[in-house]
Amino acid sequence: MKFDVQTIDAKWQATWNENGTYKTTTDQTKPKYYVLDMFPYPSGAGLHVGHPLGYIASDIVARSKRQQGFNVLHPMGFDSFGLPAEQYAIDTGVHPSESTAVNTERYKEQMQRLGLSYDWDRAVNTSDPKYYKWTQWIVGRVFEHWYDKNVDKARPISELVDHLAEHGTVGLNAAQGEQLNLTGHAWGELSDKEQSDALMNYRLAFRSVSYVNWCEALGTVLANDEVKDGKSERGNHPVVQKPMLQWSLRITAYADRLLEGLDRVDYSDGLKAQQRNWIGRSTGAQAFFDIADHDGKRLEVFTTRPDTIFGTTFMVIAPEHDHVAELTTEDQLQDIQDYLAYVGSRSEIDRQAETKVTGAFTGSYCINPFTEKRVPIYIAEYVLKDYGTGAIMAVPSDDERDMRFAEKFGIEIVNVIDKSDFPGASLKDKVGKLINSDFLNGMEVEEAITAATDRLGEMGRGKEQINFRIRDLVFSRQRYWGEPWPIIYNEQDIPTLVPAEDLPVELPPMDDFRAVSGVSPLERATEWNTLENGRRETDTMPATAGSNWYYLRYMDPNNDGEFVAKDVVDYWQDVDLYVGGAEHAVSHILYSRLIHKFLFDLDKVPTDEPYKKLLNQGMIGAPIVNIHSGVLLTEDHQRHAIWVSHTVAEGTPLEIDGVGKGHLVLDESALDRKVPLRMVEETSVNNEPSYRIHKDAIDKLAADEAQDAAYFRTVLEQAGAFNWELDKEGRQFIELSYAMGKMSKSKYNVINPDDLRERYGTDTFRMYEMFLGPIDQAKPWSVSGIDGVYRFLRRFWNLFVNEDELSVSDKESTKAEMKILHTLIKKVTEDIDKLSFNTCVSAFMVATNDLIKAKCDKRAILEPMVRLIAPFAPHVAEELFAALGGQGSVHHAAFPEVEEKWLVEDSHTYPIAFNGKTRLTLDFPAGASKQEIEDSARADEKVAAQLEGKTVRKVIVVPGRMVNFVVG
RNA sequence: GCCGGUGUGGCGGAAUUGGUAGACGCGCUGGAUUCAAAAUCCAGUUCUUUCGAGAGUGUGGGUUCGAUUCCCACCGCCGGUACCA
Numbered sequence: 001m002k003f004d005v006q007t008i009d010a011k012w013q014a015t016w017n018e019n020g021t022y023k024t025t026t027d028q029t030k031p032k033y034y035v036l037d038m039f040p041y042p043s044g045a046g047l048h049v050g051h052p053l054g055y056i057a058s059d060i061v062a063r064s065k066r067q068q069g070f071n072v073l074h075p076m077g078f079d080s081f082g083l084p085a086e087q088y089a090i091d092t093g094v095h096p097s098e099s100t101a102v103n104t105e106r107y108k109e110q111m112q113r114l115g116l117s118y119d120w121d122r123a124v125n126t127s128d129p130k131y132y133k134w135t136q137w138i139v140g141r142v143f144e145h146w147y148d149k150n151v152d153k154a155r156p157i158s159e160l161v162d163h164l165a166e167h168g169t170v171g172l173n174a175a176q177g178e179q180l181n182l183t184g185h186a187w188g189e190l191s192d193k194e195q196s197d198a199l200m201n202y203r204l205a206f207r208s209v210s211y212v213n214w215c216e217a218l219g220t221v222l223a224n225d226e227v228k229d230g231k232s233e234r235g236n237h238p239v240v241q242k243p244m245l246q247w248s249l250r251i252t253a254y255a256d257r258l259l260e261g262l263d264r265v266d267y268s269d270g271l272k273a274q275q276r277n278w279i280g281r282s283t284g285a286q287a288f289f290d291i292a293d294h295d296g297k298r299l300e301v302f303t304t305r306p307d308t309i310f311g312t313t314f315m316v317i318a319p320e321h322d323h324v325a326e327l328t329t330e331d332q333l334q335d336i337q338d339y340l341a342y343v344g345s346r347s348e349i350d351r352q353a354e355t356k357v358t359g360a361f362t363g364s365y366c367i368n369p370f371t372e373k374r375v376p377i378y379i380a381e382y383v384l385k386d387y388g389t390g391a392i393m394a395v396p397s398d399d400e401r402d403m404r405f406a407e408k409f410g411i412e413i414v415n416v417i418d419k420s421d422f423p424g425a426s427l428k429d430k431v432g433k434l435i436n437s438d439f440l441n442g443m444e445v446e447e448a449i450t451a452a453t454d455r456l457g458e459m460g461r462g463k464e465q466i467n468f469r470i471r472d473l474v475f476s477r478q479r480y481w482g483e484p485w486p487i488i489y490n491e492q493d494i495p496t497l498v499p500a501e502d503l504p505v506e507l508p509p510m511d512d513f514r515a516v517s518g519v520s521p522l523e524r525a526t527e528w529n530t531l532e533n534g535r536r537e538t539d540t541m542p543a544t545a546g547s548n549w550y551y552l553r554y555m556d557p558n559n560d561g562e563f564v565a566k567d568v569v570d571y572w573q574d575v576d577l578y579v580g581g582a583e584h585a586v587s588h589i590l591y592s593r594l595i596h597k598f599l600f601d602l603d604k605v606p607t608d609e610p611y612k613k614l615l616n617q618g619m620i621g622a623p624i625v626n627i628h629s630g631v632l633l634t635e636d637h638q639r640h641a642i643w644v645s646h647t648v649a650e651g652t653p654l655e656i657d658g659v660g661k662g663h664l665v666l667d668e669s670a671l672d673r674k675v676p677l678r679m680v681e682e683t684s685v686n687n688e689p690s691y692r693i694h695k696d697a698i699d700k701l702a703a704d705e706a707q708d709a710a711y712f713r714t715v716l717e718q719a720g721a722f723n724w725e726l727d728k729e730g731r732q733f734i735e736l737s738y739a740m741g742k743m744s745k746s747k748y749n750v751i752n753p754d755d756l757r758e759r760y761g762t763d764t765f766r767m768y769e770m771f772l773g774p775i776d777q778a779k780p781w782s783v784s785g786i787d788g789v790y791r792f793l794r795r796f797w798n799l800f801v802n803e804d805e806l807s808v809s810d811k812e813s814t815k816a817e818m819k820i821l822h823t824l825i826k827k828v829t830e831d832i833d834k835l836s837f838n839t840c841v842s843a844f845m846v847a848t849n850d851l852i853k854a855k856c857d858k859r860a861i862l863e864p865m866v867r868l869i870a871p872f873a874p875h876v877a878e879e880l881f882a883a884l885g886g887q888g889s890v891h892h893a894a895f896p897e898v899e900e901k902w903l904v905e906d907s908h909t910y911p912i913a914f915n916g917k918t919r920l921t922l923d924f925p926a927g928a929s930k931q932e933i934e935d936s937a938r939a940d941e942k943v944a945a946q947l948e949g950k951t952v953r954k955v956i957v958v959p960g961r962m963v964n965f966v967v968g
């Protein structure tokens, strides 16, 4: 038997496929373990080496759990709705379903080659009508429910209708858009359309006018996380706020539960913090300020500092606030109009970059409820329409922006907090004693907040209030490649849900996918959207719709009657380990937690959190490599463009064949060009990494048909000659400069796993990726080191195989050998549990080295090692397992268990320290007492030498650890 | 600014509840094998050194018999986020 990795890989991958080795059973008597990878969007670029990092890690966990007797659910699928496929369709005319199918096949093949133990029969595809039927069904359930805050769960709309008919809005405590006040009688008087509109105020999936991130260039609405710095993440086009009639999900109803649930899941602190920030809960007070001369009209504000009301000397409302027109007096009309024009002219990016305060006076006044003084009302863009009530009480003494605003507009500043006891405190720290505040004077801030809130309540001018930063989730896209909303509008424009038996509402076949000025392409599919009794909704859902709940579908992927059968979900419960990239940390995780909680309310799932434990793998960066160009100024003053190593300094004399003799000039005509990374060789020069392109790589370029090769050919045509240098072997090269960065097609540094896998075998590739370092940390990709892992695997192999023949003895193993084995079992078992895979690989290397030294060839040692390494190196392990005569697949063979008795030591090596500094080591018997250890240590001559002439003040002996002499 | 993470040889990284800092691998140096090379194997490899030893885990302090580990202050890097009232 030969260590021929390609043959071994192919043989076992085929066998596993035939035998259905990784089929998840429906046997519900075994304990379950669900380990899930975030499914990828199948892009045209294929997998790069960053993807498998998480896939391999989760695969190791899945395989070890399987061997430990768990029924393991380890599925994979594709998040196949999304913008890139649609954009590609617009660019090329290829239907998204076609390009998606091609990319999906490619991904699947690449994953299978990595020996990942997915049960492909369970694969899901979000753009498959059989799948999105259930996405539509779930969203339909959301539409048919409202949130009752009294019982803190979602309830059917029918129950709300009953309540409204009987009691109106009395006794109703619902998550809602605005506070409605209706009697039961009044409700009965409403027309069908009016009732429908009123229900929209309560539905968990509702249609309303909302300000959305509108991107004119893309012709679409973007999610917050698709917008970066006021520009679209894709394409970098300007994004503006635009009011549109849109479907939304009322995620705000679940804000508190989404926050609370974080305490019960095992996510990283960083991720929990991000989710908490995103939800942004803050406690404060609602306060009403009477508007002067407006006869009972009031302005509502939210403040976290009700204690500072005595310092409120003006009010600010958002330029988009509903009351702006009403509050603007004739005198101020011009000012306000000018300011509104100014605001309208500014893009989101301008507003964010703005540091100076701007605003305009409306001419109206509020009455400060505590001081009863008139305070002016301004509009200013620093007040956001969408946060709180879109209006603030400004306290210039205790808020930095308010202070700048007051200074600019000459508004009175009244100090209300004495911070002299807190010299280091900044304005926003909630510390100090109240002054100039009547009944609050002398109180500490904390106390004053409560007192002021209570007083507002007594006056009927406010109460304690909790506010959230999170906004309802806009769930409409005017795009083709997404799930159509299963909604039909009747003649009265009342939206009704498409009945479950008519789902899925399939996308109509189309060949033009452009969204024209914000109108969905589906508007043009008139045959599809026009029905006898109305018209179809033409908005589709965002990509997150399908990925919100896919982990549930894997449990029961082919069920045509339910999204998942109840007994099945009761068995699988939830995801035990979820692995994926940190870029999905906020939105995807938050939205799927929302849907899960909703389904929990409906008693469709048995748990209220979908993911027990979450692991975010770190990003793998790669060098972005540049070739430098320069000018060869020849002796006859001719200029020749050349490619030159970045290490060659200006003025260096050069001679290039066929060009001439001269020296190097680096001027503005010199341009750096990116070199596709796969044409580059990495070496090390003076302990520095060095990237070189060799002449043979360039010679081969002409025959290379890859896309990046074509790019590079064009680049090289722009300059003629190469100033080659010679390496030790006499090969010609040019030294390239580099910088580390994210892998991206446009930087030509995407590293495809296929080449490495083919060269070193799948198992080496898998173990090398794990060996790179802690899974959750970002790290640069480097191939240096993969040879070491390959060598290790072969050394491991050679423990079993001698001269291509299996050579294992049945002799009894020694105590030392058993200790090596069980030390390894213990380490690997614990470290898989801690998701510390790099240290597992090290442990295998250490054990292998030790066994080679011990010349161990004993079956009793080696056979368990095969079962232990199987999750990491599944192919090699399977080959060895079969050769050893194992029954069935190693991947169903028991995972070795540690026997502690082999780890007991007869003696222990103690570090002997003097004043905490270790100077030597000594061996003492394992059972030795403190006194025995101290005595024998003192008796040692080296110790005596260290102690000579010094007074021993204290001796610390920790049995099994160390000895420390404290000397004076 | 705020929140979170992180900082250890030439490099990736290891180090249990505070107890031998640098495991393992890469790279490098020397050697064996070879006609030679590749491959493989063996030895060495934190720095300084007067070869006795001394210093050392971003910086400065603290707690401790003892700190990479705990506490305080600061610095650098990475990620997230921001007129959030």
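Per the UniProt record's numbering, residue 1 is the first one in the first sequence, and the count goes up by one each step. Yeah, the Cβ is synthetic: ideal placement off N, Cα and C, and Gly gets one too.
For A778 and K742, what's the separation of their Cα atoms in angstroms?
Whole-angstrom Cα-Cα distance: 10 Å.
To the nearest angstrom, how far is the alpha carbon of D418 from that of Q286?
Spanning the two alpha carbons is a distance of roughly 24 Å.
Going by beta carbon distance, what residues of the same chain come within less than 8 Å of D266, once the five residues before and after it are set aside?
Taken in chain order, the residues that qualify are K612, K613, L614.
By the three-class DSSP mapping on this structure, what secondary structure does F418 have?
The sequence given here places Asp at residue 418; Phe does not occur at that position. Reduced to three states, the DSSP call for D418 is strand.
In terms of alpha-carbon separation, which member of I367, K385, V357 lies closest to D322?
The shortest Cα separation from D322 among I367, K385, V357 belongs to K385.
Using DSSP with H/G/I as helix, E/B as strand and the rest coil, what is E948?
If DSSP states are grouped into helix, strand and coil, E948 belongs with coil.
Name the DSSP beta bridge partners of C366, please?
Its beta-bridge partners are I291, V375.
Distance, Cα to Cα, Y22 vs E583?
Each residue's alpha carbon lies about 29 Å from the other.
Leaving out the 5 sequence neighbours to the left and right, which residues in its chain are closer than 7 Å to N559 when beta-carbon positions are compared?
If we look at N559 and ignore the five residues flanking it on each side, its Cβ neighbours are A565.
Compute the Euclidean distance between the alpha carbons of L36 and L116, then round it to the nearest angstrom.
For L36 and L116, the distance between alpha carbons rounds to 12 Å.
Starting from P243, follow its DSSP beta bridges and name the residues at the other end.
According to DSSP, which records beta bridges pairwise, P243 is partnered with Y211.
Cβ of P557 within 8 Å of Cβ of V124?
A contact, by the Cβ cut-off of 8 Å.
Just checking, does the stretch 510-521 make contact with the stretch 86-101 on the three C-beta pairs under 8 Å criterion?
A contact exists between the stretch 510-521 and the stretch 86-101.
By Cβ distance below 6 Å, which residues in the same chain neighbour K430 in space, the five residues on each side in sequence not counted?
So the qualifying residues of the chain are V445.
Between the Cα of T283 and the Cα atoms of R461, L884, L204, N467, which residue gives the shortest distance?
If we check each option's Cα against that of T283, N467 comes out closest.
Pick from T26, P31, E381: whose alpha carbon is nearest that of D576?
The shortest C-alpha separation from D576 is found at P31.
Among the candidates Y387, T303, D290, A380, whose CA atom is the shortest distance from the CA of N368?
Considering only alpha carbons, the answer is D290.
Give the straight-line distance between the Cα atoms of V714 and I620, rounded to the nearest whole angstrom.
It should be pointed out that residue 714 corresponds to Thr in this sequence rather than to Val. Taking the straight line joining both Cα atoms gives about 29 Å.
Return the bridge partner residues of L180 from the DSSP annotation.
In the DSSP output, where bridge partners are listed per residue, L180 has none listed.
Based on the DSSP secondary-structure assignment, which residues constitute the bridge partners of P40?
DSSP output for P40 lists no bridge partner at all.
For the UniProt domain "Aminoacyl-tRNA synthetase class Ia" (11-144), list the beta strand (DSSP E) runs that are entirely contained and at least 3 residues long, ordered along the chain.
Within the UniProt domain "Aminoacyl-tRNA synthetase class Ia" (11-144), the complete beta strand (DSSP E) runs of at least 3 residues are 32-37, 71-73.
Just curious, the beta strand (DSSP E) that Q465 is in, first and last residue?
Note, Q465: beta strand (DSSP E), 462-468.
State buried or exposed for H48, treating a residue as buried only when at least 16 other CB atoms are found within 10 Å of its CB.
By the neighbour-count rule (16 or more Cβ atoms within 10 Å), H48 is buried.
Does DSSP classify K826 as helix, strand or coil?
It is helical.
Which class does D307 belong to by DSSP, given the choice of helix, strand or coil?
Three-state result, D307: helix.
Counting along the chain, where does the beta strand (DSSP E) carrying residue 979 start and finish?
A query on residue 979 cannot be resolved here, the shown segment of the chain reaching from 1 to 968 and no further.
In the structure shown, what three-state DSSP assignment does H663 receive?
Note: H663 maps to strand in three-state DSSP.
Can you list, in chain order, the residues of its chain whose CB lies under 6 Å from that of A702, leaving out five sequence neighbours each side?
Nothing meets the Cβ criterion.
Provide the residue span of the beta strand (DSSP E) that contains N964, from first to last.
It spans 962-967 - the beta strand (DSSP E) in which N964 sits, taken as one unbroken run.
For A816 and A854, which I take to be in contact (beta-carbon distance under 8 Å), what is that distance rounded to the nearest angstrom?
About 7 Å separates the two Cβ atoms, so the contact holds.
Compute the beta-carbon to beta-carbon distance between L716 and L664, rounded to the nearest angstrom, for a pair I have assumed lies under 8 Å.
Going by Cβ atoms, the distance from L716 to L664 rounds to 19 Å, so no, they are not a contact pair.
With which residues is M767 paired in a DSSP beta bridge?
Answer is none; M767 lacks a bridge partner.
The alpha helix (DSSP H) with I487 in it runs from where to where?
Looking at the DSSP string, I487 is not in any alpha helix (DSSP H); the run it does join, the beta strand (DSSP E), is 487-489.
Any idea what DSSP makes of Y738, helix, strand or coil?
Residue state, collapsed to three classes: strand.
To which residues of the same chain is K272 closer than 7 Å at the C-beta, ignoring the five residues directly before and after it?
The answer, listed in chain order, is L262.
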